[in-house]
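Right, one structure below, let's go through it.
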Amino acid sequence: MDPIAGLLDGPRARRAFLLRCTLDPPWALHIRDEAPLSLVAMLRGRACFVLDGREPEWLDHGDVAILLGPDHYLFADDPATPPQAVIHPDQRCTTPDGQEIPQMRSFGMRRWGNAPDGATEILTGTYNAEGEVSRRLLDALPPRLVLRRDEWETPALGLLAAEMLRDEVGQDAVLDRLLDLLLIDAVRTYFARTEQTAPGWYRAQRDPVVGQAVRLLQESPAEAWTIGVLASQTRVSRATLARRFAEVVGQPPMEFLTEWRLTLAADLILDPRETVGSVARAVGYSSPYALSAAFKRVRGVSPHEHRIAQRPVTAEATS
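Under this note's numbering, read the sequence shown as residues 5 to 323, first letter to last.
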């Protein structure tokens with residue numbers, strides 16, 4: 005398993021919020037949904053987003069931006085345009101004074117705005133719950149990331165845009181997976197472009213020893229790994245492995261393994277067919293109690309509490 009696949013194995017959009025907005029100027033949206041991650045793609049026209057105290061970031065046709073929450077920001081045709089609508093958590097939309105929005109309306113399946121054929125068309129995909137996006141990914145990305153049209157080519161954007169207008173059986177699952185693919189493509193493009201400052205777990209692929217160690221841990225988390233066993237598999241001494249792993253990845257091998265096991269467990273426990281015991285066995289813990297104790301220590305909640313907290317999202321995704 006390569007570093008990007010390992011990183012993104014946890015993120016799974018579950019009925020993500022997806023919308024194509026068509027707008028004629030003047031328009032401005034104050035985004036206050038505090039979602040952990042949103043992806044914005046310009047399908048037509050030009051717009052900017054403005055975070056408090058920062059210069060506007062302009063997006064042109066074909067550009068894609070990734071924005072991390074919980075910061076609020078303005079998205080508009082011009083920074084001077086006063087907000088017409090406020091997007092709240094759970095994608096509730098009101099005027100700035102909390103009223104309904106007469107100038108904004110639906111134009112069909114996942115389409116919304118102030119003009120059905122507006123000069124600007126924007127695709128937005130929002131991961132509504134932090135559990136859908138791995139903490140390792142959120143920590144590795146800047147608060148705002150823009151990929152220009154001439155910097156990358158991706159078929160995922162066109163596919164997602166087209167599928168958003170369809171209404172077929174299982175369409176929510178199709179859209180979730182396409183959004184995941186677009187996010188993966190954007191993230192790997194960004195890390196390839198900024199490899200010198202990319203996180204250690206990504207740069208590990210360039211180190212023959214550490215890269216192999218990371219792959220072994222990711223591919224076989226249920227193994228009874230120790231520094232000695234891992235060193236034997238990578239054919240270096242325990243001291244050499246521990247030193248090189250910490251230098252490249254930024255944490256000891258066993259700490260990396262614990263985080264990876266709990267990332268997998270957090271995803272698996274949402275499957276109603278799984279029990280804490282079955283998940284514990286799958287990710288390398290000797291008992292349900294051992295997994296629960298580690299989960300609570302690192303994540304602050306038990307596996308059961310995590311499942312209950314995510315249950316409304318999961319139930320919708322499987323409906």
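No residue lacks a Cβ here, since even glycine has one placed at the ideal position from N, Cα and C.
Look at the alpha carbon of residue i and the alpha carbon of residue j, and state the distance between them as a whole number of angstroms.
i: S306; j: S296; result: 6 angstroms
i: A165; j: P74; result: 26 angstroms
i: A321; j: R247; result: Note on A321: pLDDT 36, under 50, position unreliable in the model; no value is reported.
i: A45; j: H65; result: 8 angstroms
i: H76; j: L186; result: 23 angstroms
i: A20; j: V173; result: 16 angstroms
i: V252; j: C52; result: 37 angstroms
i: M168; j: L22; result: 8 angstroms
i: R170; j: H34; result: 28 angstroms
i: S42; j: T244; result: 40 angstroms
i: A270; j: P212; result: 30 angstroms
i: R303; j: L266; result: 9 angstroms
i: P159; j: R219; result: 28 angstroms
i: A286; j: T262; result: 13 angstroms
i: R349; j: P276; result: The requested residue 349 does not occur in the structure, where the chain is confined to residues 5 to 323.
i: A202; j: E155; result: 18 angstroms
i: V68; j: A235; result: 42 angstroms
i: A298; j: V283; result: 13 angstroms
i: A196; j: G215; result: 16 angstroms
i: T97; j: D184; result: One detail in the question is off: residue 97 reads as Cys in this sequence, not Thr. Going from the Cα of C97 to the Cα of D184 covers about 25 angstroms.
Applying the criterion that 16 or more other CB atoms from any shown protein chain within 10 Å of the CB defines a buried residue, is residue i buried or exposed?
i: P225; result: buried
i: Q222; result: buried
i: Y293; result: exposed
i: V280; result: buried
i: H310; result: buried
i: P1; result: Summary: the structure shown does not reach residue 1, with the chain confined to residues 5 through 323, and so no result is reported for it.
i: G117; result: buried
i: I312; result: exposed
i: A228; result: exposed
i: E125; result: buried
i: G122; result: buried
i: P120; result: exposed
i: A39; result: buried
i: W205; result: buried
i: G232; result: exposed
Can you pull the DSSP bridge partners for residue i?
i: F79; result: L33, F53
i: M2; result: The structure shown does not extend to residue 2, since the chain is modelled only from 5 to 323, so the question has no answer here.
i: A89; result: L33
i: W116; result: C25, S110
i: I126; result: C25, M46
i: A69; result: V44, V150
Q. How do the region 55-64 and the region 87-98 stand: do at least 3 beta-carbon pairs fall below 8 angstroms, yes or no?
A. With fewer than three CB-CB distances shorter than 8 angstroms, the region 55-64 does not count as touching the region 87-98.
Q) Of all the alpha helix (DSSP H) runs that stay within the bounds of the region 219-286, which reach a length of 4 or more residues? A) 231-238, 242-253, 257-272
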